[in-house]
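Numbering (the working numbering), first residue to last: 3 to 174.
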């Protein structure tokens, strides 16, 4: 669910920047984090990108939004990372992974599910590499997707099958 830029051939990190500003806010039923990256080199120009992650009380999902603060539309890239022994599944509007996170990442060895739910009409292509699914957006100034997770210790979403069923029935 991270956000990067796409230059037509490869991913571009939101770096280098002239300035980066972060803001974290908690309101009655939501909390969000915003990161404003200013002066990012992009296709012969510089642009500003705001990425916001919003968590809603009582919801498993978090909304990830990217805003291109530029005169022209840009292409964003988002997706899901996975590890060599991780199961993956591509649905009509989601990508899911399930597996053990490596020891150097997780404090405990557990099967973890990670998913991204998106509007397929916002993207022009998806690329599956050995370590990640890359969703490449159509040119735009705004993009949103939802991220979610589960783990084997949960009462109901404790298998890949139950996680997939959850994603397929999710209404956002």
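Ideal Cβ positions, reconstructed from N, Cα and C, are used throughout, including at glycine.
{"Check": "Three-state secondary structure assigned by DSSP to residue 43", "Outcome": "strand"}
{"Check": "Three-state class that DSSP yields for residue 15 in the structure shown", "Outcome": "coil"}
{"Check": "Distance CB(residue 119)-CB(residue 66) smaller than 7 Å", "Outcome": "no"}
{"Check": "Residue 152 versus 144, 95, 64, residue with shortest Cα-Cα distance", "Outcome": "64"}
{"Check": "Coil, strand or helix - residue 9 by DSSP", "Outcome": "coil"}
{"Check": "Pairwise C-alpha distance: residue 40 and residue 75", "Outcome": "16 Å"}
{"Check": "Own chain partners of residue 47 with C-beta closer than 8 Å, once the 5 adjacent residues on each side are dropped", "Outcome": "72, 74"}
{"Check": "Supposed contact pair residue 122 and residue 209 - C-beta distance, whole angstroms, cut 8 Å", "Outcome": "Outside the shown range of the chain, which is 3 to 174, sits residue 209, and nothing can be said about it."}
{"Check": "Which listed residue (126, 168, 4) has its alpha carbon closest to that of residue 228", "Outcome": "The structure shown does not extend to residue 228, since the chain is modelled only from 3 to 174, so the question has no answer here."}
{"Check": "Assigned secondary structure, residue 61 (DSSP; H/G/I helix, E/B strand, else coil)", "Outcome": "coil"}
{"Check": "Cβ pair count under 8 Å reaching 3, the region 27 to 34 against the region 49 to 57", "Outcome": "yes"}
{"Check": "Candidates 23, 114, 20: closest to residue 162 by CA position", "Outcome": "114"}
{"Check": "Cβ separation of residue 172 and residue 79, assumed to be a contact under 8 Å, to the nearest whole Å", "Outcome": "Actually they do not touch by this definition, with Cβ atoms about 23 Å apart."}
{"Check": "Supposed close pair residue 98, residue 166 - CB separation, criterion 8 Å", "Outcome": "6 Å"}
{"Check": "Range of the contiguous beta strand (DSSP E) that encloses residue 163", "Outcome": "That residue, residue 163, is in no beta strand (DSSP E); its alpha helix (DSSP H) goes 162 to 171."}
{"Check": "Three-state secondary structure (DSSP) of residue 123", "Outcome": "helix"}
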